[in-house]
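To start, the structure itself, in structure tokens.
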Amino acid sequence: MRRGAGLALMLSLMGAPVHGQAQPQQNSEMARGYDLERRSDFAGAEVVYRKILESRPADMAALVGLERVLTQLNRPADLSPALRQALAVDSTKGLIYGLAIRTFTTLGQPDSVRRIGEQWSRILPDDDAAYREWGMALVTLGDRQGARKAFLLGRDRLKQPDVMAAELAQLAITSLDYATGTREWLLALQRIPGYRATASATLASAPENARAEILRQIDQASGTAPLMLSVDLRSRWGDPLGALDRLKAALPAPDAAARDVLQQFLESNRNLATVPNLTARARALELLAQHSLTAQQAALRVAAARAFGAAGDQAAARRVLALAASSSGSPIEVAGAATALIELMVAADSVEAAASQLPRVRPSIPAEEYARLTRLVAEGWIRRGAFERADTVLANDSTVDGLALRGRLALYRGDLTGARTTLHDAGPFAGSRESATERTALLAVLQPIEQDSFPELGRAFLALARGDTASAISGLTTSSQLLGSKPGGPELLLLAGRLSLARGRPAEAEPLLKQVVAGSAPAAATAAGLELAQLYIAQHRQPDALAALEHLVLTYPQSPLVPQARRLMDVAKGVVPGT
Amino acid sequence: MKRREFVGRVAGALGAVGAAGAFLPGASGWSNGRAPWLLVPMDDGQADHLKAYGVAFRVLERGGRGEWFLNYRGGAFLLPGDAATAHDAALNGVNVEEIDQGRVDQIKAEIAGENMDAIPLEKAPKVAVYAPPNAAPWDDAVTMVLQYAGISFEKIWDAEVLGQGLSTHDWLHLHHEDFTGQYSKFYLNYAGAPWLADMVERNTSMARQLGYPHVPALKRAVADKIAGFVEKGGFLFAMCTATETLDLALASHNTDIAASYADGTPMASDASAHMDWSRALAFQNAKLELSPTTAAFSDIDGHQVNAPDRRQPLGAFTLFNFSAKIDPVATMLVQNHRDVIPDFYGLTTSFRRDRLKPSVSVLADETNAPWVKLIHGERGQGTWTYYGGHDPEDPQHQIGDPPTDLSLHPHSPGYRLILNNVLFPAAKKKELKT
């Protein structure tokens, strides 16, 4: 639709005098029609609109109003005479043709759509809306060949080889003609680069055997839009590293342009957390740093290192961080890079190297951040079993988090009294929510145990901190056996069972959990019953799950876990969707 | 129990209930005669309204009896206080109150003096759900709620309906089946979608297998058979598109109302004029939707969700308050702990008042709107109930939406209206004009 025509429709719908002449009478008639429509008196509104059309057959507001009410009255066919009359009076209004096409499409009359389309394009050959509306109507009616002819006729008459390209591209792709679809999209992108997202979304559906040819066609075209389309498609088809290679090969020379395309690449790849995607992201960030101002480089490199770290490439992460830490950016950004480097070093068990970096960052980071890093290093020493070195690092840490870590240190040494006291003093709120929850859960396991010293249990928890779950399970089971009938044993077995489940060893977890269910500790028994039922459901042993849950609900009706157990019963029965 | 039997027992039951409470727990020998009884409250004191219906249903399945206290505490149930019932309620998280005979007598006295009634529940109806064999439960509100409540049912489809499948059931449910045979008119707009291709293939092969020339002919035959089921005393409950299209299929024996993609010939342009509404259950004088691309069937539906120009916004519907002692059937069907319920869309969301036959009883409507939500009526010796909309707890319900998890909606008043219908055939009560 041409802009002038659209404006005229808007004004006429608003009841404004289109030709500069006041029309109070007409406006009040239209207002009456609207009012009747609002009151659902469609028959009354029809009379009003028809009366307006008697004196002005080509009045668009009245025609559109009549279309609305006839649709409500389920008589869309009755609009046809009014449209014929309107076109007889004024055959130069594209809007009337558009309305006619819409009406005949609703009525499922392809021949009438064709007739009106031909008439419209003959009388207004420069109106691209004629070919577009005509073609889209035929698409709706399932006549793809006819639609294609209408679009091509428009291209021919308007003498613009790229007009209707987006429509023809989509039409070709719905007919699985990807070669034509690609060619047309490239034309459309020349005209409007903003079509890229749609082009990428539609071409992405191409089958695997058509993709190489599509990429070949796109890569032959020049310009940023085809380049980014090629990059988008490679990413969508699971080759983000290939996409980045393509981008690097054609990276524009000016830094600003290079930054722009790299940022577009990062934006389109921000949600996928696969290893190739994270690696591509990391490399793109590294590249972006090279093309960015010095002040921004450190931050971009830290982001790149984090992405490398998330992709599991610690060596690349350290390399980029070292570069960031030695760069000449602002002190804050350099300190940020050094902090990230320490974190990565501890994660990679390079505790000595991490400890040596601590003095370097101390002057440039806040005291709280420094304390967090020292605890991180202390945790590294603890995992190594170097408890004295951890003591030394933590000596000056008076924070609540430091207290909590000292509590853990006491536990690993087998000093249960010290661990309970220190963890209790640290309270349930310090640190992150995860660490606070973990600490509280740990305290709940330790509290029922009456012994002051329990080295076997300390070793089990140390194994857990080191990530050696198998040894931790074995240690917890042994500790439970050592406790015998004394309090605390079922809680340790429950933890061992949960760890076995987390390791993906349900066969090992099942006897442990069953033992807890049969025991005399209600809280542990209900929690174990729930775990057991979940294990059975995962193994499609619904009757066993239901038996476990019924036992839980009927034996411990007051347990806070009963509502959860009932929901799990529904899941086991298949009466609610599983989550 | 067929409606004929239901009506036939009335005279004796009427005297017995009124005079001596022959159906009271303990009085007729159906319980062990010992207090306490279990009162299942259905007001805001109930923890899971939907599962409470299941507990009551299973009492009947086990051969026990109960009573439905209409308008008392949201439509409470009185069930025997045996171990099995208590166990069932505990497992399902249904709140029950143990009461003795003295308390039962007090409640009965209160019921006698108020707009309330006590309806004996004596036999679990045999429930059939009309659905394709591989239909997932998540797309049908009734299947979902029956499963959630633990009410047993059997799935039947065209072959069973056209055979003898209906004769062994008391209650039949239809959901979003399109009885005009046009695949809910999604054929053009969703062309290529795997679920649609599956639906088309399943239906066309069933038509071939049963000797019908096309799907619209098959579905019309199924619709006739279902109307016959009601005629002979069956209880029919339909939701969503099944309501409107069942009536359209019944009324269209003189004309072609199916688009060419369904039966090879275009819909008759004057089909509306040739509809025989005397054959329909609920509607009359409707105008058919002519466009094959608009997923709407006629102007029976007030909301027209799939017709952008006609689509109406959702409001809320109000349940009517009937006299429990004079209109027990209608009262049973609207038992609820809420009177006003948020509306929800379906391919058929509501029913225009001016398209209802005069004999139809309206059970719920939207105040000042030209449409109603829940209707009920009789045909021959049976009854039917139509409930507009697709899923009471998923108001918009788009194709591909995640399934509704009823454990998150245990108090759903919209779903209660479905379960009232399931339990309604279990009731034994005097026949009075609605």
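Quick note, the sequences are listed as chains F and D, same order.
Under the working numbering, the first sequence has 614 at position 577, and the numbering climbs by one with no breaks.
Under the working numbering, the second sequence has 444 at position 255, and the numbering climbs by one with no breaks.
Even for Gly, the Cβ is constructed at its ideal location relative to N, Cα and C.
Residue burial classification, I345 (chain D) (beta-carbon count within 10 angstroms, cutoff 16): Residue mapping note: residue 345 (chain D) aligns to position 156 of the second sequence, counting from 1. When all chains shown are included, I345 (chain D) counts as buried.
Interface residues of chain C facing E478 (chain D) [CB-CB closer than 9 Å]: Among the protein chains in the structure shown, which are F and D, there is no chain C.
Candidates F:L178, F:S237, F:P230, of which the one nearest Q207 (chain F) by Cα: Position 170 of the first sequence, counting from 1, holds the residue named residue 207 (chain F). Distance check between Q207 (chain F) and each of F:L178, F:S237, F:P230 places F:S237 closest, using alpha-carbon atoms only.
Opposing strand residues paired with Y576 (chain D) [DSSP bridges]: The residue given as residue 576 (chain D) occupies position 387 in the second sequence. In DSSP, Y576 (chain D) forms a bridge with D:M428, D:L563.
6 Å Cβ shell around N221 (chain D) - same chain, five flanking residues per side excluded: Start at 1 with the first residue of the second sequence, and residue 221 (chain D) comes out as number 32. With a pLDDT of only 46 at N221 (chain D), under 50, the local geometry of the prediction cannot be trusted, and the value read off the model is given with reservation. Closer than 6 Å at Cβ, skipping near neighbours: no residue.
Per-residue DSSP class, three states only, for V608 (chain F): Mapped onto the first sequence, residue 608 (chain F) falls at position 571. Of the three classes helix, strand and coil, the one that applies to V608 (chain F) here is helix, per DSSP.
Contact set between R503 (chain F) and chain D, taken where Cβ atoms lie within less than 8 Å: Along the first sequence, one-based indexing puts residue 503 (chain F) at 466. Chain-ordered listing is empty here: chain D has no CB closer than 8 Å to the CB of R503 (chain F), the nearest sitting near 40 Å.
Any C-beta of chain D under 8 Å from that of E74 (chain F): For the purposes of this step, residue 74 (chain F) is identified with residue 37 of the first sequence, where counting begins at 1. No, E74 (chain F) does not count as interfacial toward chain D.
Residue-level contact to chain D via CB, G145 (chain F), 8 Å cutoff: Here residue 145 (chain F) corresponds to residue number 108 of the first sequence, with the count starting at 1. Residue-level contact by beta carbon holds for G145 (chain F) and chain D, with a gap shorter than 8 Å.
Pair within 8 Å by beta-carbon distance, G526 (chain F) and L520 (chain F): On the first sequence, residue 526 (chain F) is found 489 positions in, with the first residue counted as 1. On the first sequence, residue 520 (chain F) is found 483 positions in, with the first residue counted as 1. For G526 (chain F) and L520 (chain F), yes; Cβs fall inside 8 Å.
Near-chain D residues of the segment 589-604 of chain F - C-beta to any C-beta below 8 Å: Close to chain D, meaning a Cβ-Cβ distance shorter than 8 Å, are the following residues of the segment 589-604 of chain F: V590, L591, P594, V599, P600, R603, R604.
With 16 other Cβ atoms within 10 Å as the buried cut-off, status of V268 (chain F): In the first sequence, the residue the question calls residue 268 (chain F) occupies position 231. By the neighbour-count criterion, in which a residue is buried when 16 or more other Cβ atoms sit within 10 angstroms of its Cβ, V268 (chain F) is buried.
Touching by the beta-carbon criterion (3+ pairs, under 8 Å), the segment 226-245 of chain D and the segment 597-610 of chain D: By the Cβ test, the segment 226-245 of chain D is in contact with the segment 597-610 of chain D, since at least three Cβ pairs between them sit closer than 8 Å.
Beta carbon proximity, S242 (chain F) to chain D, threshold 8 Å: As a position in the first sequence, residue 242 (chain F) is number 205, starting the count at 1. S242 (chain F) does not count as touching chain D.
Inter-stretch contact at 8 Å, needing at least 3 Cβ pairs: the segment 385-398 of chain D / the segment 430-445 of chain D: No, the segment 385-398 of chain D is not in contact with the segment 430-445 of chain D.
At least three beta-carbon pairs within less than 8 Å, the segment 478-487 of chain D to the segment 145-157 of chain F: Touching, yes, given that three or more Cβ pairs across the two stretches are closer than 8 Å.
For E286 (chain D), three-class secondary structure by DSSP: What you label residue 286 (chain D) is simply residue 97 of the second sequence in a count that begins at 1. Strand at E286 (chain D).
Under 7 Å (Cβ pairs) to chain F, residues found in the segment 580-600 of chain D: Within the segment 580-600 of chain D, the residues whose Cβ lies closer than 7 Å to some Cβ of chain F are P592, D594, L595, S596, listed in chain order.
is_contact[G282 (chain D), chain F] using C-beta, thresh 8 Å: If you number the second sequence from 1, residue 282 (chain D) lands on position 93. The beta carbon of G282 (chain D) falls within 8 Å of a beta carbon belonging to chain F, placing the residue at that interface.
Uninterrupted alpha helix (DSSP H) stretches inside the segment 229-284 of chain F (no shorter than 4 residues): With a minimum length of 4 residues, the continuous alpha helix (DSSP H) runs that stay inside the segment 229-284 of chain F are 233-240, 245-257, 261-273.
Below-8 Å beta-carbon distance, R139 (chain F) vs any chain D residue: Here the question's residue 139 (chain F) lines up with position 102 in the first sequence. Interface residue (Cβ-Cβ distance to chain D less than 8 Å): R139 (chain F) is not classified as such.
Buried versus exposed call for N392 (chain D) [16 or more other C-beta atoms within 10 Å across all chains shown]: Here residue 392 (chain D) is taken as the residue at index 203 of the second sequence, counted from 1. Counting other Cβ atoms within 10 Å of its Cβ, N392 (chain D) reaches 16 or more and is therefore classed as buried.
Where the beta strand (DSSP E) containing T507 (chain D) begins and where it ends: Here the question's residue 507 (chain D) lines up with position 318 in the second sequence. 505-508 is the span of the beta strand (DSSP E), which, as asked, contains T507 (chain D).
Exposed unless 16 or more other CB atoms sit within 10 angstroms - verdict on H365 (chain D): In the second sequence, counting from the first residue as 1, residue 365 (chain D) sits at position 176. H365 (chain D) is buried by the Cβ-count criterion.
Boundaries (first-last residue) of the alpha helix (DSSP H) holding F498 (chain F): Walking along the first sequence from the start, residue 498 (chain F) turns up at place 461. Element bounds for F498 (chain F): 492-502.
Other residues of its chain near A575 (chain F): CB distance less than 8 Å, five sequence neighbours each side excluded: Looking up residue 575 (chain F) in the first sequence gives position 538. Within the same chain, A575 (chain F) has close Cβ partners P543.
For A295 (chain F), the three-state DSSP class (helix, strand or coil): The count along the first sequence starts at 1 and reaches residue 295 (chain F) at position 258. Three-state DSSP puts A295 (chain F) in a helix.
Close-in-space but distant-in-sequence residues of the same chain around R568 (chain D) (CB under 8 Å, 5 per side omitted): Numbered from its first residue, the second sequence carries residue 568 (chain D) at position 379. Sequence-distant partners of R568 (chain D) (beyond 5 residues in either direction) whose C-beta falls short of 8 Å from its own C-beta, in its chain, are A416, V419, E420, L470.
Coil, strand or helix - Q227 (chain F) by DSSP: The sequence position of residue 227 (chain F) within the first sequence is 190, counting from 1. Looking at Q227 (chain F) - three-state DSSP - the assignment turns out to be helix.
E425 (chain F) - DSSP class collapsed to helix/strand/coil: As a first step, residue 425 (chain F) is located in the first sequence; it is residue number 388 there, counting from the start. The answer is helix: DSSP assigns E425 (chain F) an H, G or I state.
Member of D:V611, D:P225, D:D232 whose CA lies at the smallest distance from the CA of G423 (chain D): Taking the first residue of the second sequence as 1, we reach residue 423 (chain D) at position 234. Closest option to G423 (chain D), Cα to Cα, is D:V611.
Neighbouring residues, chain F, relative to R499 (chain D) (Cβ below 7 Å): Taking the second sequence and counting its residues from 1, one reaches residue 499 (chain D) at position 310. Close to R499 (chain D), with beta-carbon spacing below 7 Å, are these residues of chain F in chain order: T108, Q109.
Closer than 8 Å to chain F by CB, W482 (chain D): Your numbering for residue 482 (chain D) matches position 293 in the second sequence. Residue identity check: residue 482 (chain D) is Thr in the sequence provided, not Trp. So, interface residue.
Within 8 Å, strictly: CB atoms of A374 (chain F) and V339 (chain F): By 1-based counting over the first sequence, the position of residue 374 (chain F) is 337. By 1-based counting over the first sequence, the position of residue 339 (chain F) is 302. Yes, these two residues count as a Cβ contact at 8 Å.
Segment contact, 8 Å Cβ cut-off, at least three pairs: the segment 498-516 of chain F with the segment 426-439 of chain F: The segment 498-516 of chain F, when compared against the segment 426-439 of chain F, does not touch it at the 8 Å Cβ threshold.
Within-8 Å CB hit, T177 (chain F) to chain D: By 1-based counting over the first sequence, the position of residue 177 (chain F) is 140. The beta carbon of T177 (chain F) sits closer than 8 Å to some beta carbon of chain D.
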